[in-house]
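Novice: Supplied in structure tokens, the structure appears directly below.
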Amino acid sequence: MKRTGVALIALTLSMGASAESLRDIYELALENDAQLKAEEAIYLANKESESLGLSGLLPQIGASYSRSGSDTDTDSENFTLTEDGIATISSTTTSDTYTDAFSVSLNQPLFDLPAWFSFKAGKEQSKQAEATFAGNQQNLIVRTVDAYLAVLRAQDNLTASIAEEKAFERQLEQTQQRFEVGLIAITDVYEAQAAYDLSQVNRIVNENDVAVALEQLSVLTGQKHSSLNVLTDTFEPNPPEPNDRAAWVDFALQNNYALKAAEYAEEAARQNSKSAATGHAFKISGSYSYSDTETDGSRTIDPANDFLSPPYNATDGDQWSVNLSLPLYSGGAISANRRQSAQQFNAAREQRINLSRNTVTNTRSLHMTVNSNISRVKARKQSIVSSRSALDATQAGYEVGTRNVVDVLNAQQTLFAAVRDYSNSRYDYIYSILLLKEQAGLLSPEDIYNLDSFLITPAPPTASESE
1 MKRTGVALIA LTLSMGASAE SLRDIYELAL ENDAQLKAEE AIYLANKESE
51 SLGLSGLLPQ IGASYSRSGS DTDTDSENFT LTEDGIATIS STTTSDTYTD
101 AFSVSLNQPL FDLPAWFSFK AGKEQSKQAE ATFAGNQQNL IVRTVDAYLA
151 VLRAQDNLTA SIAEEKAFER QLEQTQQRFE VGLIAITDVY EAQAAYDLSQ
201 VNRIVNENDV AVALEQLSVL TGQKHSSLNV LTDTFEPNPP EPNDRAAWVD
251 FALQNNYALK AAEYAEEAAR QNSKSAATGH AFKISGSYSY SDTETDGSRT
301 IDPANDFLSP PYNATDGDQW SVNLSLPLYS GGAISANRRQ SAQQFNAARE
351 QRINLSRNTV TNTRSLHMTV NSNISRVKAR KQSIVSSRSA LDATQAGYEV
401 GTRNVVDVLN AQQTLFAAVR DYSNSRYDYI YSILLLKEQA GLLSPEDIYN
451 LDSFLITPAP PTASESE
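Quick look at the structure:
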């Protein structure tokens, strides 16, 4: 039965030893969260959409160089009529040549409507990437606080379970003593034993919950954690500023990053639709090219010929043109692309409308939830006082015989449940106010640092707790 004291000491010492702050955890998450790193890579990739679109309007410059060589041996026989008859003259010509060729070309679109609208779409896609990543950064704050509070919830539940187990242990001992002197029936002992056994189960479950919550926190930070700062008892929930639901809806419609990203996506789809709609338009481009070719080498003949010249040749020249092209028929691809892009724009528009409506609804709901949680915290705090008074009254009645042990056990369970509910209600408020700020696009690291000021190093165990 001393297991509860050992568990309480282990819990409190682990909480107090080198406790980490919320700021520490958040900064570790910024450095190590794999999800954020993946989202950043996606952002950097999608941000290039503007540059890719611009490339279709800028000059395309290319250059090429080649060097080639050839070795040629030619054997020939010539017949000549002389005084002595027909004479045969044999000769061998050896030729080694090398050719260097260099060219440079420039192509410049002069009028290209599809490329122009694609460029404008790329700009919107880059803005969409920025808005999405800004939302991802806000979401990291929410995920960090959620994981941090999950550990505190589990630790508070474990603390309450340990206290409950100790209380039921004492109640069981008292019940056994009263039974031994004949004051109560054996059924009261069984009731007390059952309550104590169940409290042990709850404590074991909550011990596992703490370990699991710490493991989940490690997913964000990439490191192991054993101790966190806890929420001070002086923390009091405050209503959102301003406490005006309509004002928060306006904030959300103007600043919500998911909604901004959807608006940019809609505009990008609109520009892509325009690009596809102009697929049959003519295009004008200008081009210029310059080339230089030089051939050199050596040539010999046997028997020698003094009049044989070496193989040398050099040419260079440039060329320019203005080109007009008009796609007449592409197997139906241009028309199909136009229809497809139009429907993609319709889809993006409806998605933006749907997200806008959800943003309004979620903002209103979260604003109501925040204010409801404030009331819950106050009510839960009062319920602890009421439950403690009820327990005292029940225990007094038990001592004089007007209440039985079941009444006492139920009153104890009610008190510990009130303690757990009060603790959870404070965490629910913190999480809901962060969700509201995220929905309104107002969440920032400053909210982390403000909350961190209400987190303190856990207190060491008292003498009564470690008995």
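Numbering (this note's numbering), first residue to last: 1 to 467. Just so you know, even glycine gets a beta-carbon here, dropped at the ideal spot from N, CA and C.
When the Cα atoms are used, what is the spatial distance from proline 320 to alanine 38?
Specialist: Residue numbering aside, residue 320 sits at position 320 when the sequence shown is read from its first letter. Residue numbering aside, residue 38 sits at position 38 when the sequence shown is read from its first letter. The amino acid at residue 320 is misidentified as proline; the sequence shows tryptophan. The alpha-carbon atoms of tryptophan 320 and alanine 38 are separated by roughly 47 Å.
Novice: Jot down the residue ranges of each uninterrupted beta strand (DSSP E) in the segment 195-252, minimum 3 residues, whole runs only, in chain order.
Specialist: If we require 3 residues or more, the segment 195-252 turns out to have no beta strand (DSSP E) run fully inside it.
Novice: Suppose only complete runs of 4+ residues qualify. What are the alpha helix (DSSP H) ranges in the segment 426-460, listed by chain order?
Specialist: Within the segment 426-460, the complete alpha helix (DSSP H) runs of at least 4 residues are 445-452.
Novice: From the DSSP output, which residues share a beta bridge with lysine 283?
Specialist: As a working note, residue 283 is residue 283 in the sequence shown. Ser325.
Novice: Specify, as a first and last residue, the run of the alpha helix (DSSP H) that valine 385 falls within.
Specialist: Here the question's residue 385 lines up with position 385 in the sequence shown. That run of the alpha helix (DSSP H) goes 333-400.
Novice: The alpha helix (DSSP H) that contains glycine 122, what's its start and end?
Specialist: Counting from 1 along the sequence shown, the entry for residue 122 is found at position 122. 113-180 is the span of the alpha helix (DSSP H), which, as asked, contains glycine 122.
Novice: Where does aspartate 296 fall in DSSP's three states?
Specialist: Position 296 of the sequence shown, counting from 1, holds the residue named residue 296. In the structure shown, aspartate 296 sits in a strand (DSSP, three-state: E or B).
Novice: So, at 7 Å on beta carbons, what are the nonlocal neighbours of lysine 437 in its own chain, with the 5 sequence-adjacent residues on each side left out?
Specialist: Here residue 437 corresponds to residue number 437 of the sequence shown, with the count starting at 1. Cβ within range, chain order: Leu443 and Asp447.
Novice: Less than 8 Å between the beta carbons of alanine 379 and alanine 411, yes or no?
Specialist: For the purposes of this step, residue 379 is identified with residue 379 of the sequence shown, where counting begins at 1. For the purposes of this step, residue 411 is identified with residue 411 of the sequence shown, where counting begins at 1. No, the pair does not count as a contact, with Cβ atoms beyond the cut-off.
Novice: Using the C-alpha atoms, what's the distance from serine 275 back to serine 341?
Specialist: Residue 341 sits at position 341 when you count from the first residue of the sequence shown. Residue 275 sits at position 275 when you count from the first residue of the sequence shown. One C-alpha to the other measures close to 9 Å.
Novice: If we count the other Cβ atoms within 10 Å of its Cβ and call it buried at 16 or more, is aspartate 318 buried or exposed?
Specialist: Sequence index remark: in the sequence shown, residue 318 carries index 318 (1-based). With fewer than 16 other Cβ atoms within 10 Å, it is exposed.
Novice: Please return the same chain residues whose Cβ sits closer than 7 Å to the Cβ of alanine 19, not counting the five positions on each side in sequence.
Specialist: The count along the sequence shown starts at 1 and reaches residue 19 at position 19. Same-chain partners within the cutoff: Ser227, Leu228, Asn229, Thr457 and Pro458.
Novice: May I ask you to check if the CB of alanine 258 is nearer than 7 Å to at least one heavy atom of the ligand COA?
Specialist: By its list of ligands, the structure shown contains no ligand whatsoever, and the ligand COA lies outside what it can speak to.
Novice: Please confirm whether arginine 469 and valine 377 have their CB atoms less than 8 Å apart.
Specialist: An answer regarding residue 469 cannot be provided, because it is not within the stretch 1 to 467 covered by the chain.
Novice: Excluding sequence positions up to five away, which residues of its chain have a Cβ less than 8 Å from the Cβ of alanine 150?
Specialist: Walking along the sequence shown from the start, residue 150 turns up at place 150. Ala213, Gln216 and Leu217.
Novice: Which first and last residues belong to the alpha helix (DSSP H) in which alanine 19 is found?
Specialist: As a first step, residue 19 must be located in the sequence shown, where it is residue number 19. Per DSSP, alanine 19 belongs to no alpha helix (DSSP H) and is neither H nor E.
Novice: Quick one: is leucine 22 buried, meaning 16 or more other Cβ sit within 10 Å of its Cβ, or exposed?
Specialist: Against the sequence shown, residue 22 aligns to sequence position 22. Classification of leucine 22: buried, given that the 10 Å Cβ count is 16 or more.
Novice: Taking 8 Å as the cut-off, decide whether the C-beta atoms of leucine 451 and threonine 359 are in contact.
Specialist: If you number the sequence shown from 1, residue 451 lands on position 451. If you number the sequence shown from 1, residue 359 lands on position 359. Contact flag unset, no.
Novice: Three-state secondary structure (DSSP) at aspartate 33?
Specialist: The residue given as residue 33 occupies position 33 in the sequence shown. Coil.
Novice: In angstroms with no decimal places, state the Cα-to-Cα distance between glycine 135 and asparagine 256.
Specialist: By one-based count along the sequence shown, residue 135 stands at place 135. By one-based count along the sequence shown, residue 256 stands at place 256. Spanning the two alpha carbons is a distance of roughly 8 Å.
Novice: If distances are taken between C-alpha atoms only, which option among Glu165, Leu220 and Leu231 comes closest to serine 199?
Specialist: Numbered from 1 along the sequence shown, position 199 holds the residue referred to as residue 199. For serine 199, the nearest C-alpha among the options comes from Glu165.
Novice: How do the segment 97-109 and the segment 234-244 stand: do at least 3 beta-carbon pairs fall below 8 Å, yes or no?
Specialist: Because the criterion of three Cβ pairs below 8 Å is not met, the segment 97-109 and the segment 234-244 do not touch.
Novice: Could you give the residue range of the alpha helix (DSSP H) that holds asparagine 272?
Specialist: To locate residue 272, count along the sequence shown from 1; it is residue 272. Segment 257-277, the alpha helix (DSSP H) holding asparagine 272.
Novice: Got a sec, what are the start and stop residues for the alpha helix (DSSP H) leucine 52 sits in?
Specialist: For the purposes of this step, residue 52 is taken as the residue at position 52 of the sequence shown. From DSSP, the alpha helix (DSSP H) with leucine 52 extends over 49-55.
Novice: Classify phenylalanine 168: buried if its beta carbon has 16 or more other beta carbons within 10 angstroms, exposed otherwise.
Specialist: Here residue 168 refers to the residue found at position 168 when the sequence shown is read from its first residue. Buried, by the Cβ-count rule.
Novice: Report the CB separation of alanine 261 from threonine 132 in whole angstroms; it is logged as a contact under 8 Å.
Specialist: Sequence index remark: in the sequence shown, residue 261 carries index 261 (1-based). Sequence index remark: in the sequence shown, residue 132 carries index 132 (1-based). Between threonine 132 and alanine 261 the Cβ distance is about 5 Å, and since that is below 8 Å, they are a contact.
Novice: By how many angstroms is the C-alpha of valine 145 removed from the C-alpha of tyrosine 264?
Specialist: Here residue 264 is taken as the residue at index 264 of the sequence shown, counted from 1. Here residue 145 is taken as the residue at index 145 of the sequence shown, counted from 1. If you take the alpha carbons of tyrosine 264 and valine 145, they lie about 29 Å apart.
Novice: CB-CB under 8 Å to leucine 30, same chain, minus the five flanking residues each way: which ones, in chain order?
Specialist: For the purposes of this step, residue 30 is taken as residue 30 along the sequence shown, with counting starting at 1. Cβ neighbours of leucine 30 beyond the five flanking positions: Leu36 and Leu140.
Novice: Which residues in the same chain have their Cβ closer than 6 Å to the Cβ of lysine 123, if we skip the five residues on either side of it in sequence?
Specialist: Mapped onto the sequence shown, residue 123 falls at position 123. Excluding positions up to five away in sequence, the list reads Glu50.
Novice: Which word fits valine 266, buried or exposed, when buried means at least 16 other C-beta atoms lie within 10 angstroms of its C-beta?
Specialist: One-based indexing of the sequence shown puts residue 266 at position 266. Sequence inspection shows glutamate at residue 266; the valine mentioned does not correspond to that position. By the neighbour-count rule (16 or more Cβ atoms within 10 Å), glutamate 266 is buried.
Novice: Within its chain, find whatever has a CB closer than 6 Å to the CB of aspartate 306; leave out the 5 residues flanking it on each side and keep chain order.
Specialist: Translated into positions along the sequence shown, residue 306 becomes position 306. Annotation note: pLDDT 49 at aspartate 306 (below 50); position unreliable, coordinate value reported separately. Same-chain partners within the cutoff: there are none.
Novice: Below 8 Å, how does it come out for the segment 327-334 and the segment 273-293: are there three or more Cβ pairs, yes or no?
Specialist: Verdict: yes, contact present.
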